[in-house]
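Using the UniProt record's numbering, the letters of the sequence shown correspond one by one to residues 1 to 473.
Cβ atoms here follow ideal geometry from the backbone N, Cα and C, with glycine treated the same way.
Working notes, beginning with the structure itself.
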Amino acid sequence: MNAAPEEANRATDMTSMDSIRREYERYPPNGFRRFTRWFTKRIPTRLYARALLIIIIPMVLLQSVIAFVFMERHWQTVTQRLSMAVTRDIAAIIDVLETFPQDAAYDDIIRIARERLELNIAIEPPGDLPAPRPKPFFSILDQILSEEITRQIRLPFWIDTVGNSNIVEIRIKLEDKILRVFAKRSQAYASNTHIFLLWMVGTSLVLLVIAILFLRGQIRPILKLTQAAESFGKGQRMPDDFRPRGADEVRRAGIAFIKMRERIERQLEQRTAMLSGVSHDLRTILTRFRLQLALVGDGPEMDDLNKDIDDMQSMLDSYLSFARGEAEEDVGAVSLTSVVEKIAADGRLRGATVTVSVEGDDEINVRPNAFTRLLTNLVANACRHADEVAIAASNRGRWLTIAIDDDGPGIPADAREDVFRPFYRLDAARNQDETGTGLGLAIVRDIARSHGGDVTLSDSAMGGLRAVVRLPA
Numbered sequence: 001m002n003a004a005p006e007e008a009n010r011a012t013d014m015t016s017m018d019s020i021r022r023e024y025e026r027y028p029p030n031g032f033r034r035f036t037r038w039f040t041k042r043i044p045t046r047l048y049a050r051a052l053l054i055i056i057i058p059m060v061l062l063q064s065v066i067a068f069v070f071m072e073r074h075w076q077t078v079t080q081r082l083s084m085a086v087t088r089d090i091a092a093i094i095d096v097l098e099t100f101p102q103d104a105a106y107d108d109i110i111r112i113a114r115e116r117l118e119l120n121i122a123i124e125p126p127g128d129l130p131a132p133r134p135k136p137f138f139s140i141l142d143q144i145l146s147e148e149i150t151r152q153i154r155l156p157f158w159i160d161t162v163g164n165s166n167i168v169e170i171r172i173k174l175e176d177k178i179l180r181v182f183a184k185r186s187q188a189y190a191s192n193t194h195i196f197l198l199w200m201v202g203t204s205l206v207l208l209v210i211a212i213l214f215l216r217g218q219i220r221p222i223l224k225l226t227q228a229a230e231s232f233g234k235g236q237r238m239p240d241d242f243r244p245r246g247a248d249e250v251r252r253a254g255i256a257f258i259k260m261r262e263r264i265e266r267q268l269e270q271r272t273a274m275l276s277g278v279s280h281d282l283r284t285i286l287t288r289f290r291l292q293l294a295l296v297g298d299g300p301e302m303d304d305l306n307k308d309i310d311d312m313q314s315m316l317d318s319y320l321s322f323a324r325g326e327a328e329e330d331v332g333a334v335s336l337t338s339v340v341e342k343i344a345a346d347g348r349l350r351g352a353t354v355t356v357s358v359e360g361d362d363e364i365n366v367r368p369n370a371f372t373r374l375l376t377n378l379v380a381n382a383c384r385h386a387d388e389v390a391i392a393a394s395n396r397g398r399w400l401t402i403a404i405d406d407d408g409p410g411i412p413a414d415a416r417e418d419v420f421r422p423f424y425r426l427d428a429a430r431n432q433d434e435t436g437t438g439l440g441l442a443i444v445r446d447i448a449r450s451h452g453g454d455v456t457l458s459d460s461a462m463g464g465l466r467a468v469v470r471l472p473a
């Protein structure tokens, strides 16, 4: 009956998807969007890591700007002035050598250069200069000193600034001699710049450590609030040490969460108390019915009435249990293998062939009675309508997954969500049993969701139904 509307809806969905695809092809994402997607996939997802990046990245960028803009300019300017002064002293020595007569050993000019200019010089016989040495990859001194000698002296020269030596050697070829000069590196090079950089980096590291410690103190209340919310979502007790702390916004969020939890718990308690009172009143009426029927006597009609009363009593108990949802039970550690094997043994007593496989960690944290009832309802329902049942449990990573397959008649795809509604019963298929009240699967889903998980139904490879329970580990 509903085939035509479903086909129409499916066609409408396909048409809308095609229009979206054509619109996407017409207006593809620009470069900024592509970069945003690429960057979003590669940055950390946790708040603590992102907050660290917010602190570290600006600090690194600021230091980079200072180091490569301001410090580079300062370093280069100071080095240029120092190299200019050394080159002027060497040029003055050359002028003195070429202008005024000297003694044969040049003792006076060597003494003046050493005492007044702090330069050690030597005058050697004429000859060729050594071959040029390979230039360093990065050296401001080599570049600037060479430029100054070329600009001021304008004679062939050879310099050696490579290495960690504190001495810079300069050779200048004169007309009839070679002037050899040894100068301290600090005279031509701003060497104290490294100390400033070390102080800047060291101070930044200290400030970064302080910022990280402060940031951890600000993130910790958010993590506590997250853990409390996750525990409450799984039906567990909230941690005893949870208190609203941190910044005002975090405190307000924590207080709002506590009030929300209290309102939900009061609502559940009020609902349970109300249903307990309704159950007590209805049980009183059912007891009166039993007494009146007992006074009337026996007979086929009385047997049918007694059976109806028993069904009403069973339905009332089941509904009360469903409404309570086992919410008052505490979470505890149980053995997954033990629970599954016990339920499988109960299924074999019903006449079905039940196989079990368990993988991963055997210890799980659940509400024991509620979890046992969840699996019992599913396995009992499968054994009631099938000859072979397979239970596969896997507790790996962050999720506990339990799949229950059978070879029964299954449930139509369009009714797999309806069977989770309270008191819903299929007219023809698995739930056609006289003892059922229509609450088994409703209780199953209620227990699973109270643990923070869910239950889904699908086709089984064995030909029947597959029920998958997925709970956070």
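Start-to-end residues for the alpha helix (DSSP H) that takes in residue i
i           : result
residue 289 : 248 to 296
residue 371 : 368 to 385
residue 244 : Element bounds for residue 244: n/a, residue is neither H nor E.
residue 447 : 440 to 450
residue 58  : 47 to 65
Residue i vs residue j beta-carbon contact at 7 Å
i           : j           : result
residue 336 : residue 298 : no
residue 344 : residue 356 : yes
residue 86  : residue 188 : yes
residue 464 : residue 418 : no
residue 484 : residue 80  : Residue 484 lies beyond the stretch modelled for the chain, which goes from 1 to 473, so this question has no answer here.
residue 149 : residue 157 : yes
residue 398 : residue 360 : no
residue 448 : residue 389 : no
residue 305 : residue 295 : no
residue 242 : residue 259 : no
residue 441 : residue 453 : no
residue 190 : residue 75  : yes
residue 254 : residue 244 : yes
residue 340 : residue 273 : no
residue 309 : residue 289 : yes
residue 365 : residue 331 : yes
residue 368 : residue 334 : yes
residue 474 : residue 178 : One cannot answer for residue 474 here, as it falls past the ends of the chain, which runs 1 to 473.
residue 124 : residue 180 : yes
residue 410 : residue 386 : no
Sheet register partners of residue i (DSSP bridge)
i           : result
residue 335 : 363
residue 158 : 171
residue 390 : 355 and 405
residue 467 : 404 and 457
residue 395 : 360 and 400
residue 472 : 399
6 Å Cβ shell around residue i - same chain, five flanking residues per side excluded
i           : result
residue 282 : 316
residue 61  : none
residue 350 : 383
residue 152 : 87 and 91
residue 428 : Model confidence at residue 428 stands at a pLDDT of 45, short of 50, so the residue's coordinates are unreliable; what they give is reported in the following sentence. There are no such residues.
residue 83  : 144, 145, 148 and 188
residue 354 : 344, 347, 348 and 389
residue 55  : 211
residue 176 : 126
residue 401 : 394 and 470
Opening and closing residue of the beta strand (DSSP E) in which residue i lies
i           : result
residue 126 : Segment: none, residue 126 is in no beta strand (DSSP E) and carries neither H nor E.
residue 401 : 399 to 406
residue 182 : 178 to 184
residue 454 : 454 to 459
Contacting residues, own chain, Cβ-Cβ under 7 Å from residue i (five flanking each side not counted)
i           : result
residue 456 : 468
residue 284 : none
residue 109 : 93, 96, 97 and 102
residue 89  : 117 and 119
residue 460 : 405, 406 and 466
residue 135 : 142
Close Cβ partners of residue i (< 8 Å) along its chain, the five nearest in sequence each way excluded
i           : result
residue 63  : 200, 201 and 204
residue 44  : 50 and 53
residue 313 : 283 and 286
residue 114 : 120 and 121
residue 445 : 420, 454 and 455
Heavy atom of the ligand ADP within 6 Å of residue i beta-carbon
i           : result
residue 126 : In the structure on display, the ligand ADP does not appear, and there are no ligands present to speak of.
In chain order, which alpha helix (DSSP H) runs of at least 4 residues are fully inside the stretch 71 to 151? Assignment of alpha helix (DSSP H) within the stretch 71 to 151, counting only whole runs of 4 or more residues, yields 71 to 99 and 107 to 116 in chain order.
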